[in-house]
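Colleague: The numbering used here applies: residue 3 is where the sequence shown begins, and numbers increase by one. Ideal Cβ placement from N, Cα and C applies to all residues, glycine included.
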Amino acid sequence: VFGLSGILLAHVFFNMPLAARMVLEALEAVPHDRWRLAAQLGMGPAARFRFIEWPALAASLPGIAGLVFMLCATSFAVVLTLGGGPSASTLEVAIYQALRFDFEPARAAALTLAQLALTGLLVVALQSIGAPLAGETNLTLARRGHGLPATPGQSAIGFLVIGLGAAFVGGPLAAMLVAGLKADLPRLLGEAGVRQALGTSLVLAVISAVLAVSLTFSLLRLRLARQRARRGGRPGWVEWCAGNGASLILLVPPVVLGAGWFILAVEAGQLRLTGTIGPALVAVVNAAMAMPFVMRLLSPAHDAAAARHDRLAANLGLSGWTRLRLIDMPALKGPLAAGFAFAMALSLGDLGVIALFGSEDFRTLPWLLHARMGSYRTDDAAGLALILALVCLALMMVAARAGRETP
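Right, here's the structure in full:
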């Protein structure tokens, strides 16, 4: 599985569920009236696909493909773990190697500029074809269907496709589960280094989630305030930045952000202090990278709650902090909890910035997992992977449950 073939297979593994979800979002965005009209006209499966489903898919597939391309082009952890040398490397891995192994800040800076230019060109290309960035796709958690009965042939094809997809995605997860259960989990959890790494990961995840949710909510409130102030007309640059600033963070991958801070520490002659400032930098960068996704979790619920309660708040004479405490916050408890859990899960599994600042004194669970794999302690690595997966799964279950509590 190592080398280019393994990297390609891993990227398909990670991005196929995202692509499937976005395709489902595109189909669920079709107005229900069209499905009702199709039923009234007696359209069969082929006619429904031709006149209803395919137009929605044709408008979304280029954007989905472009987004997956961008995520693969800025990948780091997969390439670092499964890389097979210079022939199967990326700019982000080259930046990491230039700083951690070769200690050539000048070359790392040049590679960082090249990475920024590449991501900028990719974003421009995506926008030109109408592709959504990851931060521009609302992360809705409620599902709805068109209510039309499926034919036996459709059901058979659906079961076959879902079965193949489940086998492809579930196979590695099942292998990890089996290998993790075979590991000596009590011994691993009894190791001081593992407990320290798990505790560090949880603390950093909580700090990152608090920062991500707080900053995102502040941007949403600023955007809403500017919208109310202008009362029509085109949005100003402050309102535009408040609404799109989180998405623009995707232009800068986490390793590039970490490399920037690393180079600044070198230039300031404070490289020895990175062990002190490292945790703060990791938390801040992880929070920044979670903001686009938290923004799209909170934005629909926030805007809907604001529109629903504006007249009520005006009649009661409530504004500012009083309105936020009595009206808006109770309606947003579910989405805020979902965003918090989602940001925690993203921070827990990140290997980008910690790969630059991690050490024996400052390590997280992903960093320790990568170190155990690098030393060929595969049993320990499998056990650590299972622990990390269970924690992230619990957080995502919390996010999914809280996300259903929309106003």
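#1: What are the start and end residues of each continuous alpha helix (DSSP H) run of 4 or more residues lying completely inside the stretch 86 to 125, in chain order?
#2: Is it buried or exposed, ILE209, if we count other Cβ atoms within 10 angstroms and call 16 or more buried?
#3: PHE105: which of PRO332, ILE265, PHE295 sits nearest, CA to CA?
#4: By Cβ distance, which residues of its chain are closer than 8 Å to THR218, with the 5 residues on each side in sequence left out?
#5: Quick one: Cα of THR92 to Cα of VAL32, how far?
#6: Exposed or buried, what is THR153 when buried is set at 16 or more other beta-carbons lying within 10 Å of its beta-carbon?
#7: Excluding the five sequence neighbours on either side, which residues of its own chain have a C-beta within less than 6 Å of the C-beta of VAL126, listed in chain order?
#8: Mapping the DSSP letters down to three states, classify ALA185 as helix, strand or coil.
#9: Identify, in the order they occur along the chain, each residue of the same chain with its Cβ nearer than 6 Å to the Cβ of LEU200, setting aside the five sequence neighbours on each side.
#10: Out of GLY85, TYR98, LEU397, which has the shortest C-alpha to C-alpha gap to PHE1?
#11: Relative to the C-alpha of GLY8, which candidate in PRO174, LEU120, ALA211 has its C-alpha closest?
#12: Just verifying my parser: in three-state terms, what is the DSSP assignment at SER130?
#13: Assess, as a yes-or-no matter, whether the stretch 73 to 87 is touched by the stretch 251 to 260 under the definition of 3 or more beta carbon pairs within less than 8 Å.
#14: As a quick exercise: from LEU6, PHE359, ALA12, LYS184, pick the residue whose alpha carbon is nearest that of ALA282.
#15: Quick one, which of LEU390, CYS394, ALA383, LEU338 has its alpha-carbon nearest ALA214's?
#16: Quick check on GLY85: buried or exposed, where buried means 16 or more other Cβ atoms within 10 Å of its Cβ?
#17: Are the beta-carbon atoms belonging to SER349 and LEU206 less than 8 Å from one another?
#18: Go to PRO33, then tell me how far its alpha helix (DSSP H) extends in each direction, as first and last residue.
#19: When you compare the CB positions of ALA290 and ILE251, do they come within less than 8 Å of one another, or not?
#20: Can you tell me whether THR114 is buried or exposed? The criterion is at least 16 other CB atoms within 10 Å of its CB, across all chains shown.
#21: Find the nearest neighbour of LEU124 within the set VAL80, GLY68, ASP312, ALA110, judged by alpha-carbon distance.
#22: For the structure I just gave you, are there three or more beta carbon pairs, one from the stretch 380 to 393 and one from the stretch 174 to 186, closer than 8 Å?
#23: Spell out a yes or no on whether the stretch 303 to 312 and the stretch 321 to 335 are touching, meaning 3 or more CB-CB pairs, one atom from each, closer than 8 Å.
#24: Please report how far the alpha carbon of LEU6 lies from the alpha carbon of GLY195, in whole angstroms.
#25: Spatial neighbours of ALA356 within its chain, please: CB distance less than 6 Å, with the 5 preceding and 5 following residues excluded, ordered by chain position.
#26: Given that a residue counts as buried once 16 or more other Cβ atoms are within 10 Å of its Cβ, and exposed if not, what is TYR98?
#27: Is it true that the stretch 11 to 20 meets the stretch 160 to 179, where meeting means three or more beta-carbon pairs spaced less than 8 Å apart?
#28: On the three-state DSSP scale, how would you describe GLU241?
#29: I need the straight-line Cα distance from GLU30 to GLY160, nearest angstrom please.
#30: Excluding sequence positions up to five away, which residues of its chain have a Cβ less than 7 Å from the Cβ of MET399?
#31: Taking Cβ positions, are ALA261 and ALA110 nearer each other than 8 Å?
#32: How many Å lie between VAL212 and VAL14 at the Cα?
#33: Just to confirm the assignment, what range does the alpha helix (DSSP H) spanning GLU269 have?
#34: To the nearest angstrom, how far is it from the Cα of PHE103 to the Cα of LEU353?
#35: Could you work out which residue in LEU328, ALA391, LEU190, ALA96 is closest to ARG374 when comparing CA atoms only?
Modeller: Answer, in terms of the structure:
#1: 93 to 102
#2: Start at 1 with the first residue of the sequence shown, and residue 209 comes out as number 207. That one is buried.
#3: Taking the sequence shown and counting its residues from 1, the one referred to as residue 105 is at position 103. Considering only alpha carbons, the answer is ILE265.
#4: Position 216 of the sequence shown holds residue 218. Once the five neighbours on either side are set aside, the close Cβ partners of THR218 are ALA248, MET293, VAL296, MET297, LEU300, GLY341.
#5: Looking up residue 92 in the sequence shown gives position 90. Looking up residue 32 in the sequence shown gives position 30. Taking the straight line from one Cα to the other gives about 38 Å.
#6: Translated into positions along the sequence shown, residue 153 becomes position 151. Under this definition THR153 is an exposed residue.
#7: Within the sequence shown, residue 126 is the residue found at index 124, counting from 1. Around VAL126: no qualifying Cβ.
#8: Here residue 185 corresponds to residue number 183 of the sequence shown, with the count starting at 1. Here ALA185 sits in coil by DSSP.
#9: In the sequence shown, the residue the question calls residue 200 occupies position 198. LEU367.
#10: Absent from the model: residue 1. The displayed extent of the chain is 3 to 409, so no value can be given.
#11: Your numbering for residue 8 matches position 6 in the sequence shown. For the residues PRO174, LEU120, ALA211, the minimum Cα distance to GLY8 belongs to PRO174.
#12: Locating residue 130 in the sequence shown gives position 128, where the first residue counts as 1. Correct three-state label for SER130: helix.
#13: yes
#14: Here residue 282 corresponds to residue number 280 of the sequence shown, with the count starting at 1. Out of LEU6, PHE359, ALA12, LYS184, PHE359 has the C-alpha closest to the C-alpha of ALA282.
#15: In the sequence shown, counting from the first residue as 1, residue 214 sits at position 212. Out of LEU390, CYS394, ALA383, LEU338, LEU338 has the C-alpha closest to the C-alpha of ALA214.
#16: Taking the first residue of the sequence shown as position 1, residue 85 is located at position 83. So GLY85 counts as buried.
#17: Numbered from its first residue, the sequence shown carries residue 349 at position 347. Numbered from its first residue, the sequence shown carries residue 206 at position 204. In contact: SER349 and LEU206 (Cβ atoms closer than 8 Å).
#18: Start at 1 with the first residue of the sequence shown, and residue 33 comes out as number 31. Here PRO33 belongs to no alpha helix (DSSP H), and DSSP marks it neither H nor E.
#19: As a position in the sequence shown, residue 290 is number 288, starting the count at 1. As a position in the sequence shown, residue 251 is number 249, starting the count at 1. Yes, the Cβ-Cβ distance between ALA290 and ILE251 is below 8 Å.
#20: Mapped onto the sequence shown, residue 114 falls at position 112. THR114 should be labelled buried.
#21: Taking the first residue of the sequence shown as position 1, residue 124 is located at position 122. Checking every option, the nearest Cα to that of LEU124 belongs to GLY68.
#22: yes
#23: yes
#24: As a first step, residue 6 must be located in the sequence shown, where it is residue number 4. As a first step, residue 195 must be located in the sequence shown, where it is residue number 193. For LEU6 and GLY195, the distance between alpha carbons rounds to 33 Å.
#25: The residue labelled residue 356 in the question sits at position 354 within the sequence shown. The residue you asked about is not Ala; residue 356 is Ile in the sequence shown. Closer than 6 Å at the Cβ level, and outside the excluded window around ILE356, lie VAL284, THR366, TRP369.
#26: Numbered from 1 along the sequence shown, position 96 holds the residue referred to as residue 98. Buried: at least 16 other Cβ atoms inside 10 Å.
#27: yes
#28: Taking the sequence shown and counting its residues from 1, the one referred to as residue 241 is at position 239. DSSP places GLU241 in helix when its eight states are reduced to three.
#29: The sequence position of residue 30 within the sequence shown is 28, counting from 1. The sequence position of residue 160 within the sequence shown is 158, counting from 1. One C-alpha to the other measures close to 17 Å.
#30: The residue you call residue 399 lines up with position 397 of the sequence shown. Once the five neighbours on either side are set aside, MET399 has no close Cβ partner at all.
#31: The residue given as residue 261 occupies position 259 in the sequence shown. The residue given as residue 110 occupies position 108 in the sequence shown. Yes. Within cutoff.
#32: Residue mapping note: residue 212 aligns to position 210 of the sequence shown, counting from 1. Residue mapping note: residue 14 aligns to position 12 of the sequence shown, counting from 1. Cα to Cα, the separation comes out at about 32 Å.
#33: Here residue 269 corresponds to residue number 267 of the sequence shown, with the count starting at 1. GLU269 -> alpha helix (DSSP H) spans 256 to 269.
#34: For this step, residue 103 is matched to residue 101 along the sequence shown. For this step, residue 353 is matched to residue 351 along the sequence shown. Approximately 17 Å between the Cα atoms of the pair.
#35: Translated into the one-based positions of the sequence shown, residue 374 becomes position 372. Looking at the Cα atoms, LEU190 is the closest of the given residues.
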